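Numbering (the numbering used here), first residue to last: 12 to 427.
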Amino acid sequence: MALNMDKVLAKQAELNTKVGKVPYMKLKSGNNVVRILPPFGARELPWVEFAVAFNVGPIGKQKTFTPRAQFGHQDCPLQKKIDELIAIGDEASKKEAARLRPKNKFHMFVISRADEAAGPLELALPPKVLADVLTIMADPDFGDITHPDTGIDICISYTPATGKSFPEYHVAPKRHSSPLIGDPALREEWLGCDYFEKYKLGRPADADYIQACLDGRVDEYIAAKKGGEIPPDLGDNEEGEEAAAHAAHTAAAQGQQTFANVAAAAPPAIGMTQTALPTVQSPFAKEALFWLPVNGQAVQVGLEKINELVLAGQNPQIMDVKANPPVWTTATDAGFKLVRPTPPIPAAPPALPTPPAPPALPTVPAAPPPPPVAPAASTVPFDVPGDEASALANTLAEFQLQRSQVSNDLMASLGK
12 MALNMDKVLA KQAELNTKVG KVPYMKLKSG NNVVRILPPF GARELPWVEF
62 AVAFNVGPIG KQKTFTPRAQ FGHQDCPLQK KIDELIAIGD EASKKEAARL
112 RPKNKFHMFV ISRADEAAGP LELALPPKVL ADVLTIMADP DFGDITHPDT
162 GIDICISYTP ATGKSFPEYH VAPKRHSSPL IGDPALREEW LGCDYFEKYK
212 LGRPADADYI QACLDGRVDE YIAAKKGGEI PPDLGDNEEG EEAAAHAAHT
262 AAAQGQQTFA NVAAAAPPAI GMTQTALPTV QSPFAKEALF WLPVNGQAVQ
312 VGLEKINELV LAGQNPQIMD VKANPPVWTT ATDAGFKLVR PTPPIPAAPP
362 ALPTPPAPPA LPTVPAAPPP PPVAPAASTV PFDVPGDEAS ALANTLAEFQ
412 LQRSQVSNDL MASLGK
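Here it is, written out as structure tokens:
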């Protein structure tokens with residue numbers, strides 16, 4: 012049977028056009044030593060800058076791609092979705108719009124010293140980390156750090172995001188220069204390819220693919236292409252951790268707001284005074300948007316996010332997206348003000364109730380009358396009429412007096 016050249020050419024076209032998943036380097040916690048590949052051919056820089064939309068689509072079918080609006084295309088389904096969410100205006104829609112908004116990254120190809128067998132890998136760095144790399148590149152003591160013979164490796168120390176913080180990066184140069192690789196064949200292979208062109212990096216995904224990502228129909232889209240060009244899957248890089256940290260911050264803020272709402276609605280406990288919560292005042296409308304530096308890159312956030320930071324005691328650098336000319340300023344200088352309500356003056360305690368009158372004592376019964384007193388016994392041993400009794404008493408008294416006088420006289424005479 013003769014060779015079917017039509018099928019051979021069709022397969023060749025498929026391999027040349029189907030991009031698929033880009034081999035990328037996901038930074039691990041701790042030190043990551045890499046060598047940046049030099050720019051290929053007429054390229055003057057070893058990186059390409061473009062924004063990426065991360066984790067788009069239903070849970071379990073999320074994809075990462077290069078959106079179209081940044082290149083001036085008006086038919087970007089992702090941008091239309093973001094605009095629709097902003098137009099709805101409720102808090103949930105605004106949060107989803109912020110999550111879908113593309114993040115600016117600097118994409119380069121590197122060799123991971125921990126896995127040289129993997130070959131060139133795409134590494135996407137946020138602006139702040141690239142700024143640290145540029146500091147090393149601009150140092151004349153290091154020369155061209157991408158040179159395959161006299162260049163140097165760099166160490167990117169990476170701390171993943173936790174529940175309440177964003178990822179942290181620290182970039183440092185290795186002290187001594189070293190060759191890219193000792194194997195001449197690998198050296199030629201690694202340096203002989205334009206990987207940005209090979210993987211179509213920096214090119215916008217087509218509108219149908221973006222819509223398929225939003226709808227969770229990427230498998231159907233790929234099946235319908237039948238060997239046609241498929242936008243590269245850029246992986247999640249570190250954006251997954253950043254998104255998790257952002258979600259944690261949002262959940263924490265929602266929890267604090269819920270607590271504040273409950274506290275504001277609940278009546279004060281007995282013996283307690285209800286205190287008003289601090290608020291944030293600013294001259295901006297509720298739908299205002301700002302640029303906020305997050306992990307070395309400018310992220311667009313709403314008024315609510317700035318209010319949360321000010322309530323937490325922070326004074327972040329911000330820029331109104333409508334500012335002309337664009338100028339960074341602090342939240343305080345932009346007019347955000349934390350207002351702490353004056354503590355209420357404690358109310359005077361109410362008058363105590365009048366105690367009830369004690370119960371009436373029982374009536375004490377009157378004492379019984381004393382028994383009649385018997386008349387004193389008469390000194391006269393017999394009953395006599397009244398006048399005669401009186402005369403008799405006088406006579407008796409005189410007799411007794413005389414008797415006493417006689418007795419005294421007798422005693423006196425005996426004493427002589």
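Cβ coordinates follow ideal geometry from the N, Cα and C atoms, glycine included.
Note that the structure is predicted; figures quoted are calculated from it, not measured.
{"Query": "Glu60, buried or exposed, once every other Cβ within 10 Å from all chains shown has been counted against 16", "Result": "exposed"}
{"Query": "Buried versus exposed, by CB contacts within 10 Å (16 or more), Leu56", "Result": "exposed"}
{"Query": "Start-to-end residues for the alpha helix (DSSP H) that takes in Asn318", "Result": "Leu314 to Leu322"}
{"Query": "Segments of 4+ residues assigned as alpha helix (DSSP H) that fall wholly inside the stretch 84 to 115", "Result": "88 to 99 and 102 to 111"}
{"Query": "Reference Gly71; option with closest CA among Asp226, Ala142, Lys92 and Leu145", "Result": "Asp226"}
{"Query": "Identified DSSP bridge partners for Ile192", "Result": "Looking at the DSSP assignment, Ile192 forms no beta bridge with any residue, so it has no partner."}
{"Query": "Close Cβ partners of Pro50 (< 7 angstroms) along its chain, the five nearest in sequence each way excluded", "Result": "Leu56 and Pro57"}
{"Query": "Span separating the alpha-carbon of Ile97 from that of Cys224", "Result": "20 angstroms"}
{"Query": "Whole-angstrom C-beta distance between Val291 and Lys348, which should lie under 8 angstroms", "Result": "7 angstroms"}
{"Query": "Three or more C-beta pairs below 8 angstroms linking the stretch 36 to 50 and the stretch 155 to 166", "Result": "yes"}
{"Query": "Glu298 in three-state terms, based on DSSP", "Result": "coil"}
{"Query": "Classification of Asn419 by the beta-carbon crowding that lies within 10 angstroms, buried from 16 upward", "Result": "exposed"}
{"Query": "Simplified DSSP assignment, three categories, for Phe65", "Result": "strand"}
{"Query": "Three-state class that DSSP yields for Leu141 in the structure shown", "Result": "helix"}
{"Query": "Boundaries of the beta strand (DSSP E) in which Asp331 is found, first to last residue", "Result": "Gln328 to Asp331"}
{"Query": "Nearest-angstrom beta carbon gap, Pro215 and Glu117 [assumed within contact, 8 angstroms]", "Result": "With the sequence shown as reference, residue 117 is identified as Phe, and Glu is not the correct amino acid for it. Going by Cβ atoms, the distance from Phe117 to Pro215 rounds to 17 angstroms, so no, they are not a contact pair."}
{"Query": "Leu225: first and last residue of the uninterrupted alpha helix (DSSP H) it sits in", "Result": "Ala218 to Asp226"}
{"Query": "Supposed contact pair Val63 and Leu89 - C-beta distance, whole angstroms, cut 8 angstroms", "Result": "With 8 angstroms as the limit, Leu89 and Val63 do not qualify as a contact, their Cβ atoms being about 11 angstroms apart."}
{"Query": "Val350 - containing beta strand (DSSP E), residue span", "Result": "Lys348 to Val350"}
{"Query": "Counted within 10 angstroms of its Cβ, other Cβ atoms place Thr75 as buried (16 or more) or exposed", "Result": "buried"}
{"Query": "C-alpha gap between Ala271 and Ser123, whole angstroms", "Result": "With a pLDDT of only 39 at Ala271, under the threshold of 50, the placement of this residue in the model should not be trusted; the figure read from the coordinates follows. The straight-line gap from Cα to Cα measures roughly 48 angstroms."}
{"Query": "Close Cβ partners of Phe207 (< 7 angstroms) along its chain, the five nearest in sequence each way excluded", "Result": "Val59 and Gly213"}
{"Query": "Neighbourhood of Ser389 by C-beta distance below 6 angstroms, restricted to the same chain and skipping five residues each side", "Result": "Only weak support is given to the placement of Ser389: the predicted model assigns it a pLDDT of 47, under 50, and the value that follows is read from those uncertain coordinates. Contacts found: none."}
{"Query": "CA-to-CA distance, Lys39 to Tyr180, given in whole angstroms", "Result": "11 angstroms"}
{"Query": "Rounded distance between the beta-carbons of Gln308 and Asn115, thought under 8 angstroms", "Result": "6 angstroms"}
{"Query": "Run of the beta strand (DSSP E) containing Phe76, from where it starts to where it stops", "Result": "Lys74 to Phe76"}
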